[in-house]
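Residue numbers (the numbering used here): 265 to 579.
C-beta: ideal position from N, C-alpha, C; glycine also.
Below is one structure, written out as structure tokens, with a few remarks after it.
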Ligand code: NAD
Ligand code: UDP
């Protein structure tokens with residue numbers, strides 16, 4: 265059945281892919297964004313559809329809309345962007361999530377919160393399972409994001425227990441793909457953009473820290489499966505367990521872009537997590553979901569997208 269679906273942060277990287285997929289599935293999609301890190305061009309190709317609309321709105325202000333489902337994605341995700349105005353970031357997570365849960369309660373909508381692997385902080389358990397409570401610095405430079413998302417998770421659980429709101433929580437691990445901003449600041453987009461322009465790749469620390477990267481199409485299919493699953497609040501990890509060091513990633517990007525770029529070692533930012541890898545057995549059991557696009561294939565698609573945009577002179 266066709267539903268009316270609100271996607272907050274719908275003009276951003278992941279949000280725009282979600283808008284596209286849900287529109288292709290025949291739903292009505294309302295994309296809500298304040299355009300901080302999102303861009304109209306990400307959803308420009310959807311504007312011809314009579315089932316698609318965009319609203320410029322900031323989630324820290326309440327809004328009333330009649331919808332069946334809410335994908336609550338609004339929040340800057342790159343450390344560079346979420347640290348730019350840290351007070352605004354925490355307001356977005358806390359007040360924004362209260363407003364969206366209030367909306368869900370009022371109109372009886374199902375709501376899915378995009379939380380993050382950052383709730384595990386610099387994890388002392390490896391790989392990370394949903395049962396792990398995390399190792400988060402509450403007063404550091406990443407706290408506006410990490411603690412903001414932890415409060416957002418608490419809010420979903422409390423609205424669920426207290427007000428019967430049909431809430432769901434996903435914990436997204438590092439995701440990459442087409443449409444990431446050139447100046448997004450996250451590692452995959454930085455490395456690809458630098459390699460394609462023959463600039464040195466900025467490697468923070470000695471590059472031995474690890475991440476596990478998921479291609480955006482895989483992630484979107486997991487997000488939608490979670491939304492459609494009845495009687496399961498989560499939280500559930502969504503990510504690709506293929507772990508590698510950031511240095512290995514730099515070398516892979518240089519090779520795949522056939523770049524002459526060298527590596528430029530920079531200072532490691534404070535509180536940068538040492539290791540990160542999702543345990544996705546819960547997602548596999550409950551949602552029958554596993555990612556199937558490997559890093560080579562995902563990077564190939566992302567590099568092609570970046571090349572095309574650089575040639576067009578667009579971001
Ligand atoms: P993004 O920065 O590309 O997208 C975020 C979107 O939210 C942007 O369009 C931005 O303009 C919008 N936004 C920010 N603050 C807003 C506000 N106050 N009101 C309305 N809109 C606002 O980031 P993304 O990678 O697409 O991330 C989307 C969601 O997924 C975020 O909630 C993020 O925390 C979560 N997440 C992403 C990753 C990842 O690796 N990409 C990992 C973990 C969690
Ligand atoms: N990183 C890096 N060079 C960059 C950007 C990031 O070496 O230009 C490192 C960063 O220090 C971290 C990892 O890559 O260890 C992933 O960083 P990102 O900002 O993409 O995501 P997060 O730290 O939030 O997982």
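*What are the boundary residues of the beta strand (DSSP E) that residue 487 is part of?*
From DSSP, residue 487 is part of no beta strand (DSSP E) but of the alpha helix (DSSP H) over 480 to 492.
*Which two residues bound the contiguous alpha helix (DSSP H) that contains residue 455?*
451 to 460
*Closer than 8 Å by C-beta to residue 272: which residues in its own chain qualify, once you throw out the five before and the five after it? Chain order, please.*
279, 296, 297, 323, 334, 335, 336, 337, 338, 360 and 364
*Apart from the five residues just before and just after residue 366, which ones in its own chain have a Cβ nearer than 8 Å to its Cβ?*
If we look at residue 366 and ignore the five residues flanking it on each side, its Cβ neighbours are 326.
*How many Å lie between residue 347 and residue 473 at the Cα?*
The C-alpha of residue 473 is placed about 21 Å away from the C-alpha of residue 347.
_residue 336, enclosing beta strand (DSSP E) - first and last residue_ = 333 to 336
*Take residue 350 and list the residues in its own chain whose beta-carbon comes closer than 6 Å to its own, dropping the five residues that flank it on each side.*
Counting only Cβ-Cβ distances below 6 Å, and skipping sequence neighbours, we find 408.
_Taking 6 Å as the limit between beta carbons, can you name the residues of its chain near residue 292, skipping five residues before and five after?_
268 and 315
*Less than 8 Å separating the beta-carbons of residue 442 and residue 565?*
Taking 8 Å as the cut-off, the Cβ atoms of residue 442 and residue 565 count as close.
*Please find out if some non-hydrogen atom of the ligand UDP comes closer than 7 Å to the beta-carbon of residue 523.*
no
*What residues in its chain sit with their C-beta under 7 Å from that of residue 310, if we drop five residues either side in the sequence?*
283, 284, 287 and 316
*Got a sec, what are the start and stop residues for the beta strand (DSSP E) residue 434 sits in?*
431 to 436
*asked:* I'd like the span of the beta strand (DSSP E) that includes residue 475, first residue to last.
replied: 474 to 476
*Considering residue 346, what are the terminal residues of the alpha helix (DSSP H) in which it resides?*
Residue 346 -> alpha helix (DSSP H) spans 343 to 346.
*Reduced DSSP category for residue 532 - H, G, I as helix; E, B as strand; rest coil*: coil
*Can you tell me which of the three DSSP states residue 500 falls into?*
Strand, per DSSP.
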